[in-house]
Amino acid sequence: QQQVKQSPQSLIVQKGGISIINCAYENTAFDYFPWYQQFPGKGPALLIAIRPDVSEKKEGRFTISFNKSAKQFSLHIMDSQPGDSATYFCAASLSYFTNAGKSTFGDGTTLTVKP
Amino acid sequence: DAGVIQSPRHEVTEMGQEVTLRCKPISGHNSLFWYRQTMMRGLELLIYFNNNVPIDDSGMPEDRFSAKMPNASFSTLKIQPSEPRDSAVYFCASSLTGGSDSPLHFGNGTRLTVT
């Protein structure tokens, strides 16, 4: 049973455009929703994260939008740059495990930003 | 901050051989995680430790897999005997507190190929 569904699988955006990646979760006990960015040959790195008591969080060009009632959250990359080309993973973790390692990851989205 | 250090970066071995992957977490981090990444199954949590104690190894696929953390600065993941289906990228990650909002810091992984 996949608890976090991520779409699209791949995304191609022109430089300067907006990249949008969506995730949906099933377990309402999830209470922390990080996004990770992974470049080829590297491990995933935390990009931005949100808690369900907030509907939006912005850090620079990256914004998470969170819809608790729909059990959905999304990553928006404004003014996308070729350097943003990477694989992006959404994740969700359970508070009562009190451990980020119990995060459930989406399948990833490969983003390509064309110059 | 040297980050999480994994070795070797690449490992090629023959079926039936023993494989040992190594990890040095970030100094001061209390939790350590082993993940496996494949195209088919994405990022899977294998096992995690808190204060050097294994907390949850339910993700370890078979008895052929074992992990140890003899001290706060070192962990190993061993596969004995290895099989071709074990081919994957294995990531080690650490976090400061292990809390649900304590981000994971991943190493650059070990790419394992079993022929």
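Note that the protein sequences, when read in sequence, are chains A and B. If you read the first sequence in the working numbering, its first letter stands for residue 1, the second for the next number, and so on. If you read the second sequence in the working numbering, its first letter stands for residue 1001, the second for the next number, and so on. By construction, the Cβ of each residue, glycine as well, lies at the ideal position given by its N, Cα and C atoms. Please read all numbers here as calculations on a predicted model, not as lab measurements.
Subject >> Rounded C-alpha distance that separates Ser-1027 (chain B) from Phe-1074 (chain B) >> reply: 10 angstroms
Original post:
Hey, Phe-119 (chain A) and Phe-73 (chain A): beta-carbon distance below 8 angstroms or not?
Top reply: This structure leaves residue 119 (chain A) out entirely; chain A is present only between 1 and 115.
Original post:
Within 8 angstroms (strictly less), CB to CB, does Phe-73 (chain A) reach chain B?
Top reply: no
**OP:** Out of A:His-76, A:Ala-70, A:Pro-115, point me to the one whose CA is closest to Arg-61 (chain A)'s CA.
**Re:** A:His-76
Original post:
According to DSSP, which residues form a beta bridge with Ala-86 (chain A)?
Top reply: A:Leu-111
**OP:** Can you tell me which of the three DSSP states Lys-1078 (chain B) falls into?
**Re:** strand
Subject >> chain A contact for Leu-1043 (chain B) (CB, 8 angstroms cutoff) >> reply: Yes, Leu-1043 (chain B) lies at the interface with chain A (some Cβ there is under 8 angstroms from its Cβ).
Original post:
At a Cβ threshold of 8 angstroms, is Phe-66 (chain A) touching chain B?
Top reply: No, its Cβ sits nowhere closer than 8 angstroms to a Cβ of chain B.
**OP:** Please go through the same chain and pick out, in chain order, the residues whose beta-carbon is closer than 7 angstroms to the beta-carbon of Arg-51 (chain A), but skip the five residues on each side of it.
**Re:** Asp-31, Tyr-32
Original post:
Taking 8 angstroms as the CB-CB limit, is Phe-89 (chain A) close to chain B?
Top reply: yes
**OP:** Could you tell me whether the Cβ of Pro-1103 (chain B) comes closer than 8 angstroms to any Cβ of chain A?
**Re:** Using a CB distance cut-off of 8 angstroms, Pro-1103 (chain B) counts as an interface residue toward chain A.
Original post:
Would you report the Cα separation of Ile-88 (chain A) and Pro-8 (chain A), rounded to the nearest angstrom?
Top reply: The question names Ile, but residue 88 (chain A) is Tyr in the sequence shown. Rounded to whole angstroms, Tyr-88 (chain A) to Pro-8 (chain A) spans 11 angstroms at the Cα level.
Subject >> Given Asn-1052 (chain B) as reference, the closest of B:Ser-1082, B:Thr-1110, B:Leu-1096, B:Glu-1044 once Cα atoms are compared >> reply: B:Leu-1096
**OP:** Report, in whole angstroms, the separation of the C-beta atoms of Thr-1020 (chain B) and Lys-1078 (chain B), which I expect to be a contact under 8 angstroms.
**Re:** 5 angstroms
**OP:** Using DSSP bridges, identify the partner residues of Ile-1055 (chain B).
**Re:** BP columns for Ile-1055 (chain B) are empty, so no partner.
**OP:** Taking Ile-20 (chain A) as part of the beta strand (DSSP E), name the residues at either end of that continuous run.
**Re:** Start and end: 19 to 25.
**OP:** Provide the residue span of the beta strand (DSSP E) that contains Asn-1050 (chain B), from first to last.
**Re:** 1042 to 1050
Subject >> Whole-number beta carbon distance between Asp-79 (chain A) and Gly-16 (chain A), since they are thought to touch under 8 angstroms >> reply: About 6 angstroms; that satisfies the 8 angstroms criterion.
**OP:** For the stretch 1066 to 1097 of chain B, enumerate the residues whose C-beta is nearer than 8 angstroms to any C-beta of chain A, in chain order.
**Re:** Those residues of the stretch 1066 to 1097 of chain B that come within reach of chain A (Cβ to Cβ, closer than 8 angstroms) are Phe-1091, Ala-1093, Ser-1095.
Subject >> Minimum C-alpha distance to Arg-1036 (chain B) - residue among B:Ile-1055, B:Gly-1016, B:Cys-1092, B:Thr-1113 >> reply: B:Cys-1092
**OP:** At 9 angstroms on the CB atoms, spell out the chain A contacts of Ile-1108 (chain B), in chain order.
**Re:** Note that residue 1108 (chain B) is Asn in the sequence shown here, rather than Ile. The contacting residues are Gly-41, Lys-42, Gly-43.
Subject >> Min CB distance Ala-86 (chain A) to chain B below 8 angstroms >> reply: no
Subject >> Closest by C-alpha distance to Ala-91 (chain A), when choosing among A:Gln-81, A:Lys-42, A:Lys-71, A:Pro-82 >> reply: A:Lys-71
**OP:** With DSSP as the reference, label Asp-1063 (chain B) as helix, strand or coil.
**Re:** coil
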